[in-house]
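Heads up: the structure comes next, in structure tokens.
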Amino acid sequence: MLVTSLVALALLAHTASSATSASPDKVLSTHASLLADNSASLAFSLYQRVAQEKDTENILISPVVVASALGLVALGGKASTASQVKSLLKADKLKDEQLHAGLGELLSEVSDPAVRNVTWKIRSRLYGPSSITFTESFLKKSKKLYNCEHSKINFKDKKSAMKAINEWGVKSTDGKLPEVAKNVEKTDGAMIINAMFFKPHWNEQFHPKMVDGRVFLASRGLTISVEMMHRTGLYDYYEDVDNKLTVLSIPLAHKKSSVVFVMPLHVEPLERVEKLLSGKQLDTWVAKMEEKAVAVSLPKISMEVSHNLQKHLGELGLTDAVDKAKADLSNISGKKDLYLANVFHASAVEWATEGNPIDPTVYSSDKLKNPKLFYADHPFLFLVKDLKTKSILYMGRMVRPKGDKIRDEL
4 MLVTSLVALA LLAHTASSAT SASPDKVLST HASLLADNSA SLAFSLYQRV AQEKDTENIL
64 ISPVVVASAL GLVALGGKAS TASQVKSLLK ADKLKDEQLH AGLGELLSEV SDPAVRNVTW
124 KIRSRLYGPS SITFTESFLK KSKKLYNCEH SKINFKDKKS AMKAINEWGV KSTDGKLPEV
184 AKNVEKTDGA MIINAMFFKP HWNEQFHPKM VDGRVFLASR GLTISVEMMH RTGLYDYYED
244 VDNKLTVLSI PLAHKKSSVV FVMPLHVEPL ERVEKLLSGK QLDTWVAKME EKAVAVSLPK
304 ISMEVSHNLQ KHLGELGLTD AVDKAKADLS NISGKKDLYL ANVFHASAVE WATEGNPIDP
364 TVYSSDKLKN PKLFYADHPF LFLVKDLKTK SILYMGRMVR PKGDKIRDEL
């Protein structure tokens, strides 16, 4: 009888445990799901414009953070200044409270480091000219909805103002982002700054002893010395023969998200591949991926990039907010005395060997025989894709890593 009772209790405990572990994650609201999709669509358009900037090398854009910055504009704006944000995010049918709640929910979901086992520090600050007064309502709502800080700044002493902005960026990212901006041309309006540090944790680590000095072919005439890390494993992989590129997906810890690499087969400027880049094309590549043995070599990355998105957002439809004569951001100050002069989107991204322990059983099987080769020694695109929300956490390109220049020929 005692044995029977113990068995019954054990089964009951196992059933309860299984039910708990199988319980589904919290489902995103329809508003947050819509904004996840639409923020990614906007980011592809934004990326194409940033890529065309003269002298731009590396790119880092977080679609969900750009969307939250736009939400801040909508919160501070009235009339068409606010409604253009909804149009840009293809969310015209959402009520104001649904827009802000959805954006807040999305950002909170994807940036939770405990759930996704990544390091992602995100800080936002709205700077206003020293002459304005922030309304109490805007201060409270922007802090609650977007965790946004606020500060006045006096650009009469431009050197001191720039120092203060960059020191805030350093502090916000634990020293990972040394500079938000070298210079600010428009100093008479509001300035939104997003300062971020992102470091993924691989689902299976690269062996720390399998790191060596290699070269990165930034162009046919420029070679840079880098540290390259290596491992062979089972990854989703696709070779697009027609477009002469390969696509590789490496899952991050907890398998909640993955880094998708898109690399041309040979050294070439990324312009050709970037013209292919869209949400639809990404979905096509991902759908054609198959799990294969792949010998992966990636450069250890430490990159810091800052983009001023103000002009690009204006060209994409945020016309009133960026126009001094048309902007109505009176929810911020109580008066029509502000316009959106700058939107600095500054990120530091690192990846190294750290990750979960490798499953050793794979090496005792035939699964790793004849691996494909993914040797990232020349410029490539990458996207950090969240698997639950279908949103894109980051998209960027690596054109010129840090390192000593080895050769620069004509």
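The numbering of the sequence shown is the working numbering, which starts it at 4 and goes up by one.
A virtual CB, placed ideally from N, CA and C, is assigned to each residue, including glycine.
Bear in mind that the values here come from a model prediction, so they are computed numbers and not experimental data.
Cβ neighbour criterion (16 or more within 10 Å) applied to N186: Classification for N186: exposed.
When DSSP labels each residue in this structure, what does A25 get in the three-state scheme? Caution is warranted here: a pLDDT of 34 is assigned to A25, below 50, making its placement in the model unreliable, and the coordinate value is therefore given only provisionally. A25 falls in the coil class under three-state DSSP.
Could you tell me the alpha carbon to alpha carbon distance between V325 and V67, rounded to whole angstroms? Distance between V325 and V67, taken at the CA atoms: about 20 Å.
Considering only DSSP beta bridges, list what G131 is partnered with. Its beta-bridge partners are K155.
Pairwise C-alpha distance: K202 and V121: The alpha-carbon atoms of V121 and K202 are separated by roughly 6 Å.
Taking H34 as the reference, which of K259, L110 and G236 has the closest Cα? Cα-wise, what sits closest to H34 is L110.
Taking the alpha helix (DSSP H) that V402 falls in, what are its first and last residues? For V402, no alpha helix (DSSP H) segment is defined, and its DSSP state is neither H nor E.
When L148, G282 and S261 are compared against R119, the one with the closest alpha-carbon: Per the Cα distances, S261.
Only counting runs of 3 or more residues, tell me where the beta strand (DSSP E) segments fall wholly within the stretch 100-131, in order along the chain. Within the stretch 100-131, no run of beta strand (DSSP E) reaches 3 residues while sitting entirely inside it.
On the three-pair Cβ rule with 8 Å, is the stretch 285-304 touching the stretch 327-346? With the cut-off at 8 Å, the stretch 285-304 and the stretch 327-346 do not touch.
Cβ-based burial, P211 [other Cβ within 10 Å; buried from 16]: Exposed.
Three or more beta-carbon pairs under 8 Å between the stretch 382-401 and the stretch 270-277, yes or no? Yes, the stretch 382-401 is in contact with the stretch 270-277.
Compare the Cα-Cα distances from N157 to each of K174, G178 and S134 and report the closest residue. Residue S134 is the option with its Cα nearest to N157.
Compute the distance between the beta-carbons of M199 and G131, then report whether it is under 9 Å. Pairing M199 with G131 gives a Cβ-Cβ distance that is not under 9 Å.
Cβ-Cβ separation, S228 to D407 (assumed contact under 8 Å), whole Å: Between the beta-carbon of D407 and that of S228 there is about 5 Å, and that keeps the pair under the 8 Å contact cut.
Segments assigned beta strand (DSSP E), at least 3 residues, entirely inside the stretch 239-292: Runs found: 248-254 and 260-267.
contact_flag[the stretch 32-52, the stretch 306-324] where n(CB pairs < 8 Å) is 3 or more: Contact holds: three or more Cβ-Cβ distances are below 8 Å.
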